Structure formats: C-alpha cells, structure tokens
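Shown next, in structure tokens, is the structure this report addresses.
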Amino acid sequence: MINEWARAAMRGGVEPTAAWLVRRGVHPDVVTIVGTVASTAAALWLIPSGHLFAASLVVGALAMLDVLDGAMARARGVKSPFGGVLDSVGDRLVDGAVFAGITWWAFGVDRPLLAGLALACLITGQLISYIKARAEAAGLRADGGLVERAERLILGLAGVGLVGLGVPYALDVALWLLVVGSVVTVGQRVVAVWRSARDQYGAATGHTPDHPAPERTTTPDDGAGSA
447 MINEWARAAM RGGVEPTAAW LVRRGVHPDV VTIVGTVAST AAALWLIPSG HLFAASLVVG
507 ALAMLDVLDG AMARARGVKS PFGGVLDSVG DRLVDGAVFA GITWWAFGVD RPLLAGLALA
567 CLITGQLISY IKARAEAAGL RADGGLVERA ERLILGLAGV GLVGLGVPYA LDVALWLLVV
627 GSVVTVGQRV VAVWRSARDQ YGAATGHTPD HPAPERTTTP DDGAGSA
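In our numbering, the protein residues as written are 447 to 673.
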C-alpha cells in the first residue's frame, strides 16, 4: 500500500547522494550487493542475539540503500534488467533474514507461538512476491495488496524495536497484523492475476491464445523490488 509513497518520499533525499556516487564511478549494483549483505548480516546477528532496538535501527537505515541504488541507476540514465533482478533478489534475502532472525530469537526466549507467527510472515512474504513475479513472467498483472514489502519491514522492525525498548507484546501485535494482512494480500493478488488473465486472454474459461504474452521491460527501480 505504501511502497510507492515511501519510495517517492525518499527519492528527493537520496538523489543528491546518488548523483555524487555516480560521478565517482560507483555502480548501482555494488550498492545493491553491499546493502543486501549488510542488512542480511545485521538481521541474522543482532535480532537472534537480543539486540532488538539496535537491529531495528541498523536494518531500517540500511533499507535506504534499496532506494539509493535505483536513484543511481536513474542518474546514470541506463536501464538494466539485471539490476532490477538483482535488486529483487536482494529484497527477498533481506525480508527472509529479518523474519528468520525473529523466529530464531523467539525460539531462544521460549516463545514458540511468536516464532510460528514470524515463520508465517516469512513464508507469506515470499509467496506474495512470487505471485507477482510469476504473473509478470506470464504477461499478467498482480500489483498492490494490503501488505507489501514496505509494510512488512516497517511493522516487523517497529515491533522488534519496541520490544527492545521494553514495550511488551509489541512484536506479537505487529506479527499478528502482518500474518492476517499477508494472507489477505495473497488472496488479493491471486484474484488480480485471475482478472488480468480473464481480461487479456479469456483464461478464466480455459482458453489460451496462440500469440505470445507481451514482453515486460524491467527498470532498475521497478516494482519487483518492492513487492
């Protein structure tokens, strides 16, 4: 819901930095890789070790790099399908690391229900992104939904940070909201794919056209990385 709003709000702040890095020859893919590795490492170290507030700050700050690499690509004026795919892969890794870290920590403090909720968030988050990617590969659309990547990270990291500050059950509430919202989003995207197929090909009746699906060009800061 807020992916595009969040990205648009941050672009103005990162574009000067992006232009500065491009002038010095830094490639956007390097920023993507550094951000992915650093975010994944921070999530898998700080959260399981109980440094919850620090984890929310560090991983949240590193998430800014996800906007920076796209701004750098625009500043270079070069569209890179590989860069878009790399960015999307990095997003999936970071998402998985955050909720895997929460699952690990929850088991360590004997909170099996919380661990189960975090694991459900991990699975549904990957599923939401996969539905969109698979639909776009087939020339269909599966945009939007109640819970996308921005909501997952904001709610997940907010819950982690508040528990780190001593607020009880903050993470429980955040994960319950994410689980329910993610299940709804899976349904929304499946329906969106069905409608797209029906509108384009009459696929709801089982008819598949002889002509190939339309090609889709992926830009460096495309929505695939924000699913």
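Glycine included, C-beta positions come from ideal geometry on N, C-alpha and C. Please read all numbers here as calculations on a predicted model, not as lab measurements.
Check: If I measure Cβ to Cβ from Ile577 and keep anything under 8 Å in the same chain, skipping five residues before and after, which residues do I get?; Outcome: Ala588, Val632, Arg635, Val636, Val639
Check: Which residues in the same chain have their Cβ closer than 6 Å to the Cβ of Leu492, if we skip the five residues on either side of it in sequence?; Outcome: Ala500, Ala501
Check: From Val504 to Gly607, what does the alpha carbon distance come to, in whole angstroms?; Outcome: 10 Å
Check: For Lys525, does the three-state DSSP call read helix, strand or coil?; Outcome: coil
Check: Helix, strand or coil for Leu611, going by three-state DSSP, please let me know.; Outcome: coil
Check: Tell me, please, whether the region 460 to 467 touches the region 514 to 525 by the rule of three or more beta-carbon pairs shorter than 8 Å.; Outcome: yes
Check: Which residues mark the beginning and the end of the alpha helix (DSSP H) in which Ala642 is found?; Outcome: The displayed chain sequence assigns Ser, not Ala, to residue 642. Residues 616 to 647.
Check: Do the CB positions of Leu539 and Thr478 come within less than 8 Å of each other?; Outcome: no
Check: Please classify Pro462: does DSSP put it in a helix, a strand, or coil?; Outcome: helix
Check: Look up Ala584 in the DSSP assignment and say whether it is helix, strand or coil.; Outcome: coil
Check: Excluding the five sequence neighbours on either side, which residues of its own chain have a C-beta within less than 6 Å of the C-beta of Leu395, listed in chain order?; Outcome: The requested residue 395 is not part of the displayed model; the chain covers only 447 to 673.
Check: Tell me the residue span of the alpha helix (DSSP H) that contains Ala487.; Outcome: 474 to 492
Check: In terms of residue numbering, what span does the alpha helix (DSSP H) encompassing Ala509 cover?; Outcome: Looking at the DSSP string, Ala509 is not in any alpha helix (DSSP H), and its letter there is neither H nor E.
Check: So, do the region 564 to 571 and the region 541 to 553 have three or more beta carbon pairs nearer to each other than 8 Å?; Outcome: yes
Check: Is the beta carbon of Leu621 less than 8 Å from the beta carbon of Gly605?; Outcome: yes
Check: Quick one: Cα of Glu594 to Cα of Gly471, how far?; Outcome: 33 Å
Check: Can you tell me whether Phe545 is buried or exposed, with buried defined as 16 or more other CB within 10 angstroms of its CB?; Outcome: buried
Check: Classify Asp537: buried if its beta carbon has 16 or more other beta carbons within 10 angstroms, exposed otherwise.; Outcome: buried
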